[in-house]
Amino acid sequence: MPASALHEKVENHPQVHLLEQTQQLKALLTIIRDKNTARGDFIFYSDRIIRLLVEEGLNHLPVVETDVETPTGSSFHGVDFLGKICGVSIMRAGESMEQGLRDCCRSVRIGKILIQRDEETAEAKLYYAKLPSDIASRYVLLLDPMLATGGSAIRAIQVLLDHGVQEDRILFLNLLCAPEGVEAVVSRFPQLQIITGDIDAGLDEHKFITPGLGDFGCRYFGTD
Ligand code: URA
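When we follow the UniProt record's numbering, the leftmost residue of the sequence shown carries the number 1, and every step to the right adds one.
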């Protein structure tokens, strides 16, 4: 399938929720894509996009109707979140998104999964997973800033399912994604939802997202 057709397909996929492409979001994404952006600005503006992703993710959680009494003695008919949530970051880059989640959800539990590509088999190999013991009863916000090939995401999602998480209770948050990665994830897990900041053109020969922003983890954490 030509890249443009794949792009259109994933953009229109009901599981994929692209953040509203406001001028503000476009400006934030432009700053973090710029190779000349200094690290402090990269962190600051990435954090702002992460906050938008978390807020949008929370919009996709179910609610129940509830009544409260206001200080004026009136009754107000509103909603309350249904069910508990937790975060799970895919190390290392996903750890950059943990604070944004904590800023919105006080005392939120956050698990971690470390997956690395086995150089011999090219398979995404699980090295470490530490998850809340009751994760099976929670909605999970899975955190990874870049969805490129989908290899580590698919492995991480499988770990969640193996721990009893329901597929339709997983919200996968990322700043940028490649159509190839989205297609790989949604075709394998048709009930999970993806919340993303932008869908790029594709992947280059090194499997980096293009135009992309380079190596997110290195730019955020200041390593080479
Ligand atoms: N991870 C990154 O940090 N950047 C990419 O482009 C792809 C994966």
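No residue lacks a Cβ here, since even glycine has one placed at the ideal position from N, Cα and C.
Because the structure is a prediction, the values reported are computed rather than measured.
Is T172 close to ligand 1? I mean its beta-carbon at under 7 Å from any heavy atom of the ligand. Before going on, a small fix: residue 172 reads as Phe here, not Thr. No, the Cβ of F172 stays beyond 7 Å of every heavy atom of ligand 1.
When the distance is taken between beta carbons, is V159 closer than 8 Å to L101? Not a contact, by the Cβ cut-off of 8 Å.
For my contact list, L175 and P145 are in at a C-beta cut-off of 8 Å; report their separation, rounded to the angstrom. Indeed, because the Cβ distance is near 5 Å, the residues count as touching under 8 Å.
Under 8 Å, do R155 and L126 count as touching if we go by C-beta distance? yes
Would the beta-carbon of M146 be found less than 7 Å away from any heavy atom of ligand 1? yes
Can you give me the C-alpha to C-alpha distance between S96 and F208, rounded to a whole angstrom? One C-alpha to the other measures close to 19 Å.
Using a Cβ-Cβ cutoff of less than 8 Å, which residues in the same chain neighbour G78 once the five nearest sequence positions on both sides are dropped? E65, T66, D67, V68.
Measure the CB-CB distance between H17 and V186 and report whether it falls below 8 Å. no
Comparing alpha-carbon positions, which option in A148, T149, D41, Y139 lies nearest Q191? Ranking the options by Cα distance to Q191, first place goes to Y139.
Heavy atom of ligand 1 within 7 Å of R156 beta-carbon: Reading off the sequence, residue 156 comes out as Ala, not Arg. A156 Cβ: outside cutoff for every heavy atom of ligand 1.
Per-residue burial, L28 [other beta carbons within 10 Å of its own, 16 or more giving buried]: buried
Ranges of the alpha helix (DSSP H) found wholly within the segment 164 to 223, counting only runs of at least 4: 179 to 188, 216 to 221, all fully within the segment 164 to 223.
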